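S.K.: Protein chains in written order, with my numbering: chain A, 1 to 201; chain B, 1001 to 1272.
Just so you know, even glycine gets a beta-carbon here, dropped at the ideal spot from N, CA and C.
Nothing here was measured: the structure is a model prediction, and the numbers come from that model.
Dropping the structure in here first, questions after.
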Amino acid sequence: MKKMITMAAILAVTPLAWAADDALYTDFKAMMDASFRTKGIVDKYRMYQLDFQKACSQDKDPSAKVMQAIEAEQLKTIRYPADGQYFGDWKQGEKIATSGKGLTWKDKTPHNNGGGCYNCHQMSHHEIAYGTIGTSLLEYGKQRGNSEEVVKYTWGKIYNAKAFNACSRMPRNGDAEILTEQQMKHVMAYLFDPNSPVNKK
Amino acid sequence: MRNRTAQFVMAAGMIALNVTTWSPSALADAATDEIAKYREMLADGNPSELVAAQGEELWKVKRGPKKATLEQCDLGLGPGVIKGASAQLPRYFKDTGRVQDLETRLMTCVETLQGIDTKELNKTKWGTGEMEKMEALVAYIVTESKGHKINVDMRPAQMKKMYELGKMAFFYRGGAMDFSCATCHGQPDKRIRLQDLPDLREHKGAAAGWGSWPAYRVSNGQFWTMQHRLNDCYRQQRFPEPIYGSDVTIALSVYLAANGNGGPVLTPGLKR
Chain A
1 MKKMITMAAI
11 LAVTPLAWAA
21 DDALYTDFKA
31 MMDASFRTKG
41 IVDKYRMYQL
51 DFQKACSQDK
61 DPSAKVMQAI
71 EAEQLKTIRY
81 PADGQYFGDW
91 KQGEKIATSG
101 KGLTWKDKTP
111 HNNGGGCYNC
121 HQMSHHEIAY
131 GTIGTSLLEY
141 GKQRGNSEEV
151 VKYTWGKIYN
161 AKAFNACSRM
171 PRNGDAEILT
181 EQQMKHVMAY
191 LFDPNSPVNK
201 K
Chain B
1001 MRNRTAQFVM
1011 AAGMIALNVT
1021 TWSPSALADA
1031 ATDEIAKYRE
1041 MLADGNPSEL
1051 VAAQGEELWK
1061 VKRGPKKATL
1071 EQCDLGLGPG
1081 VIKGASAQLP
1091 RYFKDTGRVQ
1101 DLETRLMTCV
1111 ETLQGIDTKE
1121 LNKTKWGTGE
1131 MEKMEALVAY
1141 IVTESKGHKI
1151 NVDMRPAQMK
1161 KMYELGKMAF
1171 FYRGGAMDFS
1181 CATCHGQPDK
1191 RIRLQDLPDL
1201 REHKGAAAGW
1211 GSWPAYRVSN
1221 GQFWTMQHRL
1231 NDCYRQQRFP
1241 EPIYGSDVTI
1251 ALSVYLAANG
1261 NGGPVLTPGL
1271 KR
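Listed below in structure tokens is the structure:
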């Protein structure tokens, strides 16, 4: 229900930027609607777009105005830890960062997902099989410190990357319920703990 | 064949051994090199040959209620012409009034010539029943385009429209992780883990991708058709399942093939 309200809010506020001609787009929607079906845990409705997904569905980003409107809306979705505790166990964080599992139609449950961080980011001194779609996070805490500002920004970025870059390629780990609050705390520890291999050689 | 399997295992072992000592970029290069070596070793004996041989038999055997072969199937170059046919697919077909890829065109032939109902195909598991037969036919047909150039005819208005629809599908973000095809394949020189990602918006990447599928996958010992390839892309995108032969798969195929037009056809490919 919370999700539905959030979606409605986005619908009301975000201006749409769809450049393609209306008739073609009508055909496109019909094609997409006829081409997909529910399988396993992935319901068909998942292919219908949220407004920001739609605005970010072209080769080029939408206008700065549209991007800012999306970011403002997405920022409202971020929930900071109620207990004020941002850090879990970096060792568990490493497992979450390493696992790319979850939310495909082959997965049995929508829970216990991986963060898939290594698919796109370099992180530790040891893990060498990292992707390059995202920026390197090597020595993340060591280089940035652990001021409240940095910690809160990092939490927010993990929770909903679209709050900081409307069309970011990074999933909304918290907002889209990919990771739990506890899992995000573990990933935070992995990034910031001085003993984590992200920071320690 | 046994000898080749042994070489496979050796090559895989070489990759594994190197993991501990090499830097990431060197490791990625080494992995790529070793796969290139596999391909060399198998230049005269891609395991797809076995699948293709089954396909050739299926092409020539009388099957279905009409007890007919597929030898009069028109894949776009006239009844029975196989040589180079898949290099020119997808294509707009006047007789069906649709743009069809190889698999949907084969479905048409199986239905019209042999009278076999293909409606069940989209409920059939990969590698089983009629789907296994479809895969074998695909392996046979695409082998006959090896060495040709990707050459899809983009003149018909229907093809131009499919291209535009395919482009829209390529950039369409959705699902639990907000991914589109472009999230991974929309910029140059990126990788996931150690896997290089072709930029499918551009000629070079699209030619490399489109031109080397369908392919035999060494990691799981399966022959994958293009429909299977696209299906697994959408799975990893966290989308619901694209229906077998649905228009989104055809539209994306047109987008990729047209972007890769003029590039070499290496099918059946050999993949990790």
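Quick check on DSSP: helix, strand or coil for LEU1194/B?
M.R.: Here LEU1194/B sits in coil by DSSP.
S.K.: For the region 1244-1264 of chain B against the region 1169-1177 of chain B, are there 3 or more C-beta pairs whose distance is under 8 Å?
M.R.: The region 1244-1264 of chain B is in contact with the region 1169-1177 of chain B.
S.K.: Run down chain A in chain order and give the residues with a C-beta less than 8 Å from the C-beta of VAL1248/B.
M.R.: Near VAL1248/B (Cβ distances below 8 Å), the residues of chain A are MET31, MET32, SER35, PHE36.
S.K.: Taking any Cβ of chain A, which residues in the region 1165-1178 of chain B have a Cβ under 8 Å from it, in chain order?
M.R.: Those residues of the region 1165-1178 of chain B that come within reach of chain A (Cβ to Cβ, closer than 8 Å) are LEU1165, MET1168, ALA1169, PHE1171, TYR1172, ARG1173, GLY1174, GLY1175, ALA1176, MET1177, ASP1178.
S.K.: Helix, strand or coil, according to DSSP, for LYS201/A in the structure here?
M.R.: Three-state result, LYS201/A: coil.
S.K.: Can you give me the Cβ contacts of GLY1262/B inside the same chain, cut-off strictly under 8 Å, excluding the 5 residues immediately before and after it?
M.R.: Result list for GLY1262/B: LYS1149, ILE1150, ASN1151, HIS1203, ALA1207, in chain order.
S.K.: Looking at the C-beta of VAL187/A, does it have a partner C-beta in chain B at a distance below 9 Å?
M.R.: No, its Cβ sits nowhere closer than 9 Å to a Cβ of chain B.
S.K.: Indicate whether ASP1147/B and GLN1237/B have their beta-carbon atoms separated by less than 9 Å.
M.R.: Per the sequence presented here, residue 1147/B reads as Gly, with Asp not at that position. The answer is no: Cβ separation not under 9 Å.
S.K.: Compute the Euclidean distance between the alpha carbons of HIS186/A and GLU1241/B, then round it to the nearest angstrom.
M.R.: Computed Cα separation, rounded: 32 Å.
S.K.: Does the ligand ATP have even one heavy atom less than 8 Å from the beta-carbon of GLN85/A?
M.R.: Ligands in the displayed structure: none, and consequently the ligand ATP is not present.
S.K.: Within the region 1062-1131 of chain B, note down every full alpha helix (DSSP H) run reaching 4 residues or more, in order along the chain.
M.R.: Runs of the alpha helix (DSSP H) inside the region 1062-1131 of chain B: 1102-1114.
S.K.: Report yes or no: is there a C-beta of chain B within less than 9 Å of the C-beta of MET47/A?
M.R.: Closer than 9 Å to some Cβ of chain B, the Cβ of MET47/A qualifies, so yes.
S.K.: Run the CB neighbour count on ARG79/A, radius 10 Å, all protein chains shown included, and call it buried at 16 or more, exposed below.
M.R.: Counting Cβ neighbours within 10 Å, ARG79/A comes out exposed, since fewer than 16 surround it.
S.K.: How far does the beta strand (DSSP E) with TYR1216/B in it reach, from first residue to last?
M.R.: That run of the beta strand (DSSP E) goes 1215-1217.
S.K.: Using a C-beta to C-beta distance shorter than 9 Å, which residues of chain A count as neighbours of PRO1156/B?
M.R.: Simply none; closest approach about 16 Å.
S.K.: At what residues does the alpha helix (DSSP H) containing GLN1222/B begin and finish?
M.R.: It is not in any alpha helix (DSSP H) - GLN1222/B instead sits in the beta strand (DSSP E) that spans 1222-1224.
S.K.: Quick one: Cα of ALA1182/B to Cα of LEU1200/B, how far?
M.R.: Their backbone Cα atoms lie some 8 Å apart in a straight line.
S.K.: Cβ of TYR159/A less than 9 Å from any chain B Cβ?
M.R.: So no, TYR159/A is outside the interface.
S.K.: Is the Cβ-Cβ distance between GLY1115/B and PRO1188/B less than 9 Å?
M.R.: Their beta carbons are not under 9 Å apart, which means GLY1115/B does not touch PRO1188/B by this criterion.
S.K.: Going by the beta-carbon positions, is the gap between MET170/A and GLY93/A smaller than 9 Å?
M.R.: Cβ atoms of MET170/A and GLY93/A: not closer than 9 Å.
S.K.: Based on the DSSP output, what are the partners of VAL150/A in its beta bridges?
M.R.: Beta-bridge pairing links VAL150/A to no other residue.
S.K.: I'd like the list of long-range same chain contacts for GLN183/A, defined as Cβ closer than 6 Å, with 5 residues on each side in sequence excluded.
M.R.: These residues qualify, in order along the chain: ILE96.
S.K.: Who are the Cβ neighbours of VAL1009/B in its own chain at under 7 Å, not counting the five residues just before and after it?
M.R.: A caution first: VAL1009/B carries a pLDDT of 39, below 50, which makes its placement in the model unreliable, though a value can still be read off. No residues qualify anywhere along the chain.
S.K.: Quick check: the Cα distance between GLY1186/B and LYS1062/B, rounded to an integer number of angstroms?
M.R.: Answer to the nearest angstrom: the Cα atoms are 45 Å apart.
S.K.: Can ARG1075/B and LEU1102/B be called in contact, C-beta distance under 9 Å?
M.R.: Reading off the sequence shown, one finds Leu at residue 1075/B, where the question assumed Arg. Yes, they are a contact pair.
S.K.: Using beta carbons (cut-off 9 Å, strictly below), is ASP61/A in contact with chain B?
M.R.: No, its Cβ sits nowhere closer than 9 Å to a Cβ of chain B.
S.K.: From the DSSP output, which residues share a beta bridge with GLU1241/B?
M.R.: Looking at the DSSP assignment, GLU1241/B forms a beta bridge with ARG37/A.
S.K.: Check this for me: beta carbons of LEU1058/B and LEU1070/B, under 9 Å apart or not?
M.R.: In contact: LEU1058/B and LEU1070/B (Cβ atoms closer than 9 Å).
S.K.: Would PHE1093/B pass as an interface residue toward chain A - the criterion being a Cβ-Cβ separation below 9 Å?
M.R.: No, PHE1093/B lies away from the interface with chain A (no Cβ there is under 9 Å from its Cβ).
S.K.: For ARG1155/B, does the count of other Cβ atoms within 10 angstroms reach 16, so buried, or fall short, so exposed?
M.R.: The residue is exposed, with fewer than 16 neighbouring Cβ atoms inside 10 Å.
S.K.: With a Cβ-Cβ cutoff of 9 Å, do ASP1178/B and LYS162/A count as a contact?
M.R.: A contact, by the Cβ cut-off of 9 Å.
S.K.: Please check the pair SER1048/B and ALA1139/B, which I expect to be a contact at CB under 8 Å, by giving their CB distance rounded to whole angstroms.
M.R.: At roughly 5 Å, the Cβ-Cβ gap stays under 8 Å, so SER1048/B and ALA1139/B are in contact.
S.K.: Identify whether VAL1248/B lies in helix, strand or coil by the three-state DSSP scheme.
M.R.: DSSP places VAL1248/B in helix when its eight states are reduced to three.
S.K.: Looking at chain B, is there any beta carbon in it that lies within less than 9 Å of the beta carbon of ARG79/A?
M.R.: Not an interface residue.
S.K.: Taking 9 Å as the CB-CB cut-off, is ILE1082/B touching chain A?
M.R.: So, not an interface residue.
S.K.: Our contact map puts MET1245/B next to GLN1222/B with C-beta atoms below 8 Å; I'd like the distance itself, whole angstroms only.
M.R.: Reading off the sequence shown, one finds Gly at residue 1245/B, where the question assumed Met. Not quite, the Cβ-Cβ distance comes to about 19 Å (not below 8 Å), so this is no contact.
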